[in-house]
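Undergrad: First, the structure itself, so that you have it in front of you.
Protein chains: 2
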Amino acid sequence: MSIPKNILVIDDEIQIRRLLKIGLEDSGYSVFEAEDGKRGIQELINHKPSIVLLDLGLPDEDGLIVLKKIREFSDVPVIILSVRNSEKDIISALDSGANDYITKPFNIGELLARIRASLRYYQPEQTNPVFTNGNISVDFSTRTVKNKAELVKLTTTEFSLLTLFIRNAGKVLTHQYILKEVWGKPFSDETQYLRVYIAQLRKKFEDDSTKPKIFVTESGVGYRMTLLEY
Amino acid sequence: MSIPKNILVIDDEIQIRRLLKIGLEDSGYSVFEAEDGKRGIQELINHKPSIVLLDLGLPDEDGLIVLKKIREFSDVPVIILSVRNSEKDIISALDSGANDYITKPFNIGELLARIRASLRYYQPEQTNPVFTNGNISVDFSTRTVKNKAELVKLTTTEFSLLTLFIRNAGKVLTHQYILKEVWGKPFSDETQYLRVYIAQLRKKFEDDSTKPKIFVTESGVGYRMTLLEY
DNA sequence: ATATCTTTATAAAATCTTTATACTTTCGCC
DNA sequence: GGCGAAAGTATAAAGATTTTATAAAGATAT
Chain Y
0 MSIPKNILVI DDEIQIRRLL KIGLEDSGYS VFEAEDGKRG IQELINHKPS
50 IVLLDLGLPD EDGLIVLKKI REFSDVPVII LSVRNSEKDI ISALDSGAND
100 YITKPFNIGE LLARIRASLR YYQPEQTNPV FTNGNISVDF STRTVKNKAE
150 LVKLTTTEFS LLTLFIRNAG KVLTHQYILK EVWGKPFSDE TQYLRVYIAQ
200 LRKKFEDDST KPKIFVTESG VGYRMTLLEY
Chain H
0 MSIPKNILVI DDEIQIRRLL KIGLEDSGYS VFEAEDGKRG IQELINHKPS
50 IVLLDLGLPD EDGLIVLKKI REFSDVPVII LSVRNSEKDI ISALDSGAND
100 YITKPFNIGE LLARIRASLR YYQPEQTNPV FTNGNISVDF STRTVKNKAE
150 LVKLTTTEFS LLTLFIRNAG KVLTHQYILK EVWGKPFSDE TQYLRVYIAQ
200 LRKKFEDDST KPKIFVTESG VGYRMTLLEY
């Protein structure tokens, strides 16, 4: 459910970057760093982070300028980290497009909470992850499976097996590979499991499960889900 | 500014409300006021403000509770205004759904800038006080629930569980997710709580609770509230 | 004092694994 | 090509395990 979040830290002080890297990585984020504005924007383009932590006092150009440049092409949440604590600085940063403003020194716990708040609120609307092949469609946002508009009930194992097939429709998947993906490495030789579950998928999706057209056997190799017409 | 923005202030101190009203109206906002949590939620439903300023120290119930109640049906931006300035208070407010947190006393200019920052990404989407799915309807203005026009009495836990389901009707919600949302993160593994409460909801809403049609079990994963016909 | 929440116990259901057996494909050999 | 053995596959169903449902007792809170 949780996609790994990337954070870009733009700050010239190595100590601050180190502190942030440790704290953020402890909380499960991946951290990219930049020590000036120019490189910051470069990193933003390269890594498309989920959020940016930006210092105002940068060696090459003022953080506000960097912020405005960012806002010319990106709506990524930006939290300002700065020693400047005057009302004027805070207001102009927020009005230049910052989402939040925290003055140094800051509590790492509060920073993390503000990051969570920003991520929660500014999440880009994600396209509905629906995989379709012929009459079969898998909707990952609702974790539901349909066959000709009819909801099909699947067990967890059946679901992850179908998922694997539909994401690799048209390709031959070897027994070993399927078993490793669905059951885990230690089960790579339990080919019989796979036969049982293939039979179940066929029962649920094939018109005539004695003549499978969707989940095709590749004898001695594995199985293939046919690429179906729409 | 094209559309006039409404702001709801929930604070028991008349001086603060007066100060805010003047400052906000000077900047072109319309201001609604509420002096306790109950009225605050009422006003939120009545006036559908663009943003809410919420004090934590309210006479009738803690601001955090009010915030959680708001988040049960609305994504309106909420900025906390509070004298409580401990890291712990700030973190728990932000993690309960607040968008920002400002400690009193505050600079009106900074507050206005933070309001602008919060409003910038807010897509005005109306907060409907009544959620409906099939015969079941939840009215947040009165916190009452009806099944086929008949009032159903629910405990607070049952209410927020039902709320979560009705807001996500059709989706499979995992045990962990439900527990985190309703009971809080530390309870993510208390799956048995959930079973007990699902049984209670079924007893209150299903025609035949031995054959649940509304709150469906997805074994090994979680539960799903069926999208019902009207 | 009562309603609600948490915990425990146990039965029932669903799912996964294993077994048994029949069927199909592959391939060497004539 | 046709035959037969070996290897590979399909499926039902039994057995084992995991997950779920529910009542009810104990604890806590209002």
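In order, the protein sequence lines correspond to chains Y and H.
For the first sequence, counting from 1, position 75 maps to 74 in numbering that gives the first Met the number 0; every step adds exactly one.
For the second sequence, counting from 1, position 112 maps to 111 in numbering that gives the first Met the number 0; every step adds exactly one.
C-beta atoms are modelled at their ideal positions from N, C-alpha and C, and glycine is treated no differently.
(1) Within this structure, are the beta carbons of residue 151 (chain Y) and residue 203 (chain Y) separated by less than 8 Å?
(2) Start and end of the beta strand (DSSP E) containing residue 144 (chain H)?
(3) Would residue 155 (chain Y) and residue 221 (chain H) qualify as a contact pair, given that the criterion is a beta-carbon distance under 8 Å?
(4) Under the assumption that residue 117 (chain Y) contacts residue 78 (chain Y) (Cβ atoms under 8 Å), give the Cβ distance between them as a whole number of angstroms.
(5) Can you tell me whether residue 244 (chain Y) is buried or exposed? The criterion is at least 16 other CB atoms within 10 Å of its CB, across all chains shown.
(6) Specify, as a first and last residue, the run of the beta strand (DSSP E) that residue 187 (chain H) falls within.
(7) Which residues in chain H have a C-beta closer than 9 Å to the C-beta of residue 108 (chain Y)? List them in chain order.
(8) What residues from the segment 194-222 of chain H come within 8 Å of chain Y, judged by C-beta to C-beta, listed N to C?
(9) Between which two residues does the alpha helix (DSSP H) holding residue 65 (chain H) run?
(10) With distances taken from CA atoms, which of H:105, H:75 and H:74 is nearest residue 82 (chain H)?
(11) With 8 Å set as the bound, which would you pick, yes or no: does the beta-carbon of residue 170 (chain H) sit closer than that to a beta-carbon of chain Y?
(12) Can you say whether residue 148 (chain Y) is buried or exposed, counting buried as having 16 or more other CB atoms within 10 angstroms of its CB?
(13) Just mark residue 166 (chain Y) as buried or exposed, buried being the case when its beta carbon has 16 or more other beta carbons within 10 Å.
(14) Give a yes or no on contact between the segment 48-59 of chain H and the segment 80-96 of chain H, applying the rule of three or more CB pairs nearer than 8 Å.
(15) Got a sec, what are the start and stop residues for the alpha helix (DSSP H) residue 225 (chain H) sits in?
(16) At 4 residues or longer, what runs of the alpha helix (DSSP H) sit wholly inside the segment 40-123 of chain H?
(17) For chain H, is any of its Cβ atoms less than 8 Å away from the one on residue 142 (chain Y)?
(18) What's the call for residue 13 (chain Y), buried or exposed, on a 16-neighbour Cβ count within 10 Å?
(19) Whose C-alpha, out of Y:189, Y:145, Y:133 and Y:128, is nearest the C-alpha of residue 139 (chain Y)?
(20) Rounded to whole angstroms, what is the Cα-Cα separation between residue 136 (chain Y) and residue 74 (chain Y)?
(21) Quick one: what does DSSP say residue 14 (chain Y) is sitting in, helix, strand or coil?
(22) Name the residue from Y:51, Y:29, Y:26 and Y:225 whose alpha carbon lies nearest to the alpha carbon of residue 38 (chain Y).
(23) Answer with yes or no whether the minimum CB distance from residue 93 (chain H) to chain Y is below 8 Å.
(24) Taking only three categories from DSSP, how would you classify residue 19 (chain Y)?
(25) Going along chain H in order, which residues have a C-beta closer than 7 Å to the C-beta of residue 102 (chain Y)?
(26) In whole angstroms, give me the CA-to-CA distance for residue 44 (chain Y) and residue 114 (chain H).
(27) Can you tell me the Cβ-Cβ gap for residue 214 (chain H) and residue 164 (chain H), rounded? I've got them flagged as a contact below 8 Å.
(28) Quick one: residues in its chain with C-beta nearer than 6 Å to the C-beta of residue 146 (chain Y), no 5 flanking neighbours on either side, listed in chain order?
(29) Could you check what DSSP says for residue 198 (chain Y) in three-state terms: helix, strand or coil?
(30) Counting only beta-carbon separations shorter than 8 Å, does residue 59 (chain Y) have a partner in chain H?
(31) Could you tell me if the beta carbon of residue 153 (chain H) falls within a distance shorter than 7 Å of some heavy atom in the ligand MN?
(32) Return no unless some Cβ of chain H is closer than 8 Å to the Cβ of residue 154 (chain Y).
(33) With DSSP collapsed to three states, give me the class of residue 205 (chain Y).
(34) Measure how close the beta-carbons of residue 69 (chain H) and residue 40 (chain H) come, nearest whole angstrom, since I'm counting them as under 8 Å.
(35) Could you tell me how far apart the beta carbons of residue 168 (chain H) and residue 226 (chain H) are, in whole angstroms, since I believe they sit closer than 8 Å?
(36) Could you work out which residue in Y:24, Y:189 and Y:170 is closest to residue 179 (chain Y) when comparing CA atoms only?
TA: Quick answer:
(1) yes
(2) 143-146
(3) no
(4) 6 Å
(5) Since the first residue of chain Y shown is 0 and the last is 229, residue 244 (chain Y) is not available in this structure.
(6) Per DSSP, residue 187 (chain H) belongs to no beta strand (DSSP E) and is neither H nor E.
(7) Going along chain H in sequence order, the residues near residue 108 (chain Y) (Cβ under 9 Å) are 86, 87, 89 and 90.
(8) 217, 218, 219 and 220
(9) 62-70
(10) Relative to the Cα of residue 82 (chain H), the nearest Cα in the group H:105, H:75 and H:74 belongs to H:105.
(11) At least one chain Y Cβ lies under 8 Å of residue 170 (chain H).
(12) Classification of residue 148 (chain Y): exposed, given that the 10 Å Cβ count is below 16.
(13) exposed
(14) yes
(15) That residue, residue 225 (chain H), is in no alpha helix (DSSP H); it is neither H nor E in DSSP.
(16) 62-70, 86-94 and 107-119
(17) yes
(18) exposed
(19) Y:128
(20) About 32 Å.
(21) helix
(22) Y:51
(23) Residue 93 (chain H) belongs to the set of residues whose beta carbon lies under 8 Å from a beta carbon in chain Y.
(24) helix
(25) Counting only Cβ-Cβ distances below 7 Å, residue 102 (chain Y) has no contacts in chain H at all, with the closest Cβ about 11 Å away.
(26) 29 Å
(27) 7 Å
(28) Result list for residue 146 (chain Y): 134, 135 and 204, in chain order.
(29) In the three-state reduction of the DSSP assignment, residue 198 (chain Y) falls in the helix class, which pools H, G and I.
(30) no
(31) Among the components of this structure there are no ligands whatsoever, and the ligand MN is therefore not found.
(32) yes
(33) coil
(34) Right, their Cβ atoms sit about 7 Å apart.
(35) 5 Å
(36) Y:189
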